[in-house]
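Novice:
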């Protein structure tokens, strides 16, 4: 708005003074520069607003993550108070008890992906390798593995733990479940 007032005043001044064609060329250059400045200002404001929006989004994500982290710590702390310190911990997801495995050897309990079970309910364990071929523009072969834990339960007889090709974690889970089932037999 202020730029338009300056342009109008400059034009009036030039008309009153009676400049020739050279004066009007100068006016044209002045007006053109002001338009370029206006456009650049609008573009930079848009860029600044986009950066502000990105910062606000990042702050919101951090607040949500902190809230999830705090809730996770509280629920995990309650679980540890109930059963004691776990003998083995396998964390498969960030701040999500439904993706964790805790083994409480002293109390004979296992927390298996959000399920609180006695260790005697673990019947066995196996690994199933998956391979999928996806054909879009190019052929892709994706692989992963599922660890299947058999449970002594009619409602949920097996729990599938999907691991994206993480064979080390799969072997760790299978070894842990084998140790539990071996302890159940004795």
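Residue numbers (our numbering): 281 to 466.
We put the CB at the ideal spot given by N, CA and C, even for glycine.
Got a sec? Which residues, its chain only, sit under 8 Å from residue 403 by beta carbon, not counting five neighbours each side?
Specialist: Position 123 of the chain shown, counting from 1, holds the residue named residue 403. Closer than 8 Å at the Cβ level, and outside the excluded window around residue 403, lie 430, 431, 432 and 461.
Novice: Which residue comes first and which comes last in the beta strand (DSSP E) that contains residue 396?
Specialist: Here residue 396 refers to the residue found at position 116 of the chain shown. Per DSSP, residue 396 belongs to the beta strand (DSSP E) from 395-398.
Novice: Ordered along the chain, which non-local residues of its own chain (more than five positions away) have a Cβ less than 7 Å from that of residue 444?
Specialist: Counting from one through the chain shown, the residue named residue 444 turns up at place 164. Taken in chain order, the residues that qualify are 424.
Novice: Find out if the Cβ-Cβ distance for the pair residue 390, residue 405 is shorter than 9 Å.
Specialist: Mapped onto the chain shown, residue 390 falls at position 110. Mapped onto the chain shown, residue 405 falls at position 125. For residue 390 and residue 405, no; Cβs fall outside 9 Å.
Novice: Look at the alpha carbon of residue 459 and the alpha carbon of residue 434, and state the distance between them as a whole number of angstroms.
Specialist: Along the chain shown, one-based indexing puts residue 459 at 179. Along the chain shown, one-based indexing puts residue 434 at 154. Rounded to the nearest angstrom, the two C-alpha atoms are 23 Å apart.
Novice: How about residue 454 and residue 407: are their beta carbons less than 9 Å apart?
Specialist: One-based indexing of the chain shown puts residue 454 at position 174. One-based indexing of the chain shown puts residue 407 at position 127. A contact, by the Cβ cut-off of 9 Å.
Novice: Contact between the stretch 381-398 and the stretch 351-371 is defined here as three or more beta-carbon pairs at a separation below 8 Å; is this criterion met?
Specialist: Yes: at least three Cβ pairs fall under 8 Å.
Novice: Let me check understanding here. Comparing Cα to Cα, which of 308, 394 and 318 lies closest to residue 352?
Specialist: As a first step, residue 352 must be located in the chain shown, where it is residue number 72. Measuring from the Cα of residue 352, the nearest candidate turns out to be 394.
Novice: Report the three-state DSSP secondary structure of residue 404 (helix, strand or coil).
Specialist: For the purposes of this step, residue 404 is taken as the residue at position 124 of the chain shown. In the structure shown, residue 404 sits in a strand (DSSP, three-state: E or B).
Novice: Pick helix, strand or coil for residue 433, following the three-state DSSP scheme.
Specialist: Indexing the chain shown from 1 puts residue 433 at position 153. Residue 433: coil per DSSP, three-state reduction.
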